[in-house]
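Heads up, the thing below is written out as structure tokens.
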Amino acid sequence: MSSNEINLSDRVSGSLFGLLICDSLGTAVECQTSDSFDPVKTLRGGGKFQLKPGQFTDDGSMALCLAFALLDDNDDSTTHQSVKQMNLYRRWYENGYLSSNGECFDIGITVRIALNKFISDSDKQSISSTAYYGNTSQKASGNGSLMRLAPIPLLYRENPLQAMIEAMNSSKTTHASSFCLDCCRIYTSLIIGALQGFSKNDLLNDEKLFLPNGLPDDYWITNTVETDVLKVMKGSYKHLNPPEIKASGFVVETMEAALWAFYHSSSFEEGALKAVNLGDDADTVGAIYGMLAGAFYGIDQIPKEWREKCYLTDLVQTVADELLAQSQSRTKVSMIYQKVVEIYDQLAKFYSGTIKRRTLPCPKQYKSVEELNEDVEQLHLIYANSLKSVIGEDKQIIVSRCDGILKQFLSLIDDDKQSLSLKWSRNVKGFSMK
Ligand SMILES: [Mg+2]
1 MSSNEINLSD
11 RVSGSLFGLL
21 ICDSLGTAVE
31 CQTSDSFDPV
41 KTLRGGGKFQ
51 LKPGQFTDDG
61 SMALCLAFAL
71 LDDNDDSTTH
81 QSVKQMNLYR
91 RWYENGYLSS
101 NGECFDIGIT
111 VRIALNKFIS
121 DSDKQSISST
131 AYYGNTSQKA
141 SGNGSLMRLA
151 PIPLLYRENP
161 LQAMIEAMNS
171 SKTTHASSFC
181 LDCCRIYTSL
191 IIGALQGFSK
201 NDLLNDEKLF
211 LPNGLPDDYW
221 ITNTVETDVL
231 KVMKGSYKHL
241 NPPEIKASGF
251 VVETMEAALW
261 AFYHSSSFEE
271 GALKAVNLGD
281 DADTVGAIYG
291 MLAGAFYGID
301 QIPKEWREKC
311 YLTDLVQTVA
321 DELLAQSQSR
331 TKVSMIYQKV
341 VEIYDQLAKF
351 YSGTIKRRTL
361 PCPKQYKSVE
371 ELNEDVEQLH
381 LIYANSLKSV
391 IGEDKQIIVS
401 RCDGILKQFL
411 SLIDDDKQSL
421 SLKWSRNVKG
431 FSMK
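Sequential numbering from 1 applies to the sequence shown in UniProt numbering.
Here it is, written out as structure tokens:
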């Protein structure tokens with residue numbers, strides 16, 4: 001299929017799912033050197049965090065938080081967008097909001113420092129009108145803002161100049177060095193270009209720096225980038241291979257590695273496997289590769305088996321649809337998005353506040369599986385009550401997506417039941433937890 005035949009909606013979904021799926025693909029070998037593992041061939045789970053196939057890490061959760069904040073940007077709100085973003089990152093950090101297993105199990109150092117400062121200021125009610133907590137030092141140039149970037153180009157694709165500003169602003173909440181801001185701008189221009197149907201040769205042209213339609217011809221002249229970043233823009237990755245290509249946490253090297261995988265492959269799958277098999281920061285190189293490759297190849301080119309295993313798939317599809325709808329008109333939030341998010345929020349709140357917390361070692365631990373089952377019934381009841389308010393012609397699609405979300409929470413509870421019985425059997429054998 002030529003790149004012009006892929007419709008926009010497939011590209012937007014491809015970008016968001018591409019990010020999440022390649023994050024999940026890479027976490028299997030995260031923090032391992034490339035010569036120390038059996039090459040990844042498909043979604044296999046495991047890795048440092050012992051995740052299930054399709055569960056994503058901080059890259060995916062932060063991208064979803066960013067999307068939620070952007071989509072909530074209605075005209076009557078006085079809260080600055082940067083504050084909304086940090087508030088949602090905080091919910092993820094403290095309560096596992098929008099995570100794939102109900103908790104925040106990994107977080108980058110730079111993000112953690114920025115969030116801790118934000119939380120401390122928020123609790124003292126001393127935050128200013130904006131929440132730019134990123135360190136401006138070049139030493140703090142991790143890949144944590146680039147890894148979550150996709151919602152920016154997906155939402156602002158019709159106004160590339162604004163997209164560039166929003167890309168920098170979203171980075172500044174946690175990562176404010178010029179390396180980070182440059183990489184977020186470049187990647188925004190590439191994803192918008194992919195959405196516009198440009199060929200790989202155009203996107204990765206090393207003689208003329210790529211400009212998507214709508215960005216002024218002199219943009220890269222009047223808005224220069226750091227020399228190290230310019231080398232990547234000029235195609236450094238075309239002539240290099242590992243070990244010169246490094247899946248490190250340094251944003252410029254991560255972007256170079258993702259572009260290396262994109263350039264030296266001819267399908268979504270081939271590039272995704274190249275990206276994650278670099279090891280080290282494999283999930284993030286994957287996420288950064290996936291958000292561009294997904295926009296370029298479209299959702300249908302992501303292997304079906306991978307798409308089916310992606311966690312929170314119904315919620316992610318709703319977010320992708322809403323990003324597309326709002327990129328065309330910022331006037332109203334669709335009923336589908338509103339209801340699906342509302343129901344997700346209710347289930348997530350009950351799960352993280354009651355079920356999840358009570359299975360962890362703490363005073364409120366369940367005493368029996370029966371007690372846990374009572375809460376599970378309560379979760380079903382919350383869901384049934386939420387559905388009562390769903391009316392109108394979109395009902396079928398809302399119910400089907402929310403069914404998927406409920407199923408997701410029930411699968412997490414199954415894990416809890418297992419950990420509960422494991423704890424019990426330990427107790428019976430005399431290995432009681434303290
Ligand atoms: Mg990660």
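C-beta: ideal position from N, C-alpha, C; glycine also.
Judged by DSSP secondary structure, Tyr297 falls within the alpha helix (DSSP H) whose first and last residues are 282 to 297.
Comparing alpha carbon positions, the residue from Lys124, Tyr344, Asn87, Val225 closest to Ala131 is Asn87. For Ser120, the uninterrupted alpha helix (DSSP H) segment begins and ends at 109 to 123. For the segment 157 to 197, there is no continuous beta strand (DSSP E) assignment of 3+ residues that stays within its boundaries.
Phe210 sits in coil when the DSSP states are folded into three classes, being neither helix nor strand. Ligand 1 has a heavy atom closer than 7 Å to the beta-carbon of Thr57. Burial state of Gln162 is exposed, judged by a 10 Å Cβ sphere holding fewer than 16 other Cβ atoms. Restricting attention to Ile336, Ile382, Glu377, Val369, the CA atom closest to the CA of Arg401 is found in Ile336. Linking Leu64 to Lys200 through their CA atoms gives a straight-line distance of about 27 Å. Of the heavy atoms belonging to ligand 1, at least one sits nearer than 7 Å to the Cβ of Thr284. Selection Ser248, Pro151, Thr188 evaluated against Thr318 yields Pro151 as nearest (Cα-Cα).
About 10 Å separates the beta carbons of Gly46 and Gln55, which is beyond the 8 Å limit, so they are not a contact pair. The residue from Ile343, Glu371, Glu342, Val341 with its alpha-carbon nearest to that of Ile355 is Glu371. Per DSSP, the continuous alpha helix (DSSP H) segment holding Ser15 begins and ends at 8 to 27. The segment 110 to 124 makes no contact with the segment 13 to 32: fewer than 3 CB pairs, one atom from each, lie closer than 8 Å.
Here the distance from the Cβ of Asp280 to the nearest heavy atom of ligand 1 is not below 7 Å. Per DSSP, the unbroken alpha helix (DSSP H) holding Asp58 starts and ends at 58 to 71. In the displayed model, Leu51 falls within a strand according to three-state DSSP.
The three-state reading of DSSP puts Gly279 in strand, counting E and B together. Counting the other Cβ atoms within 10 Å of the Cβ of Gln396 gives fewer than 16, which makes it exposed.
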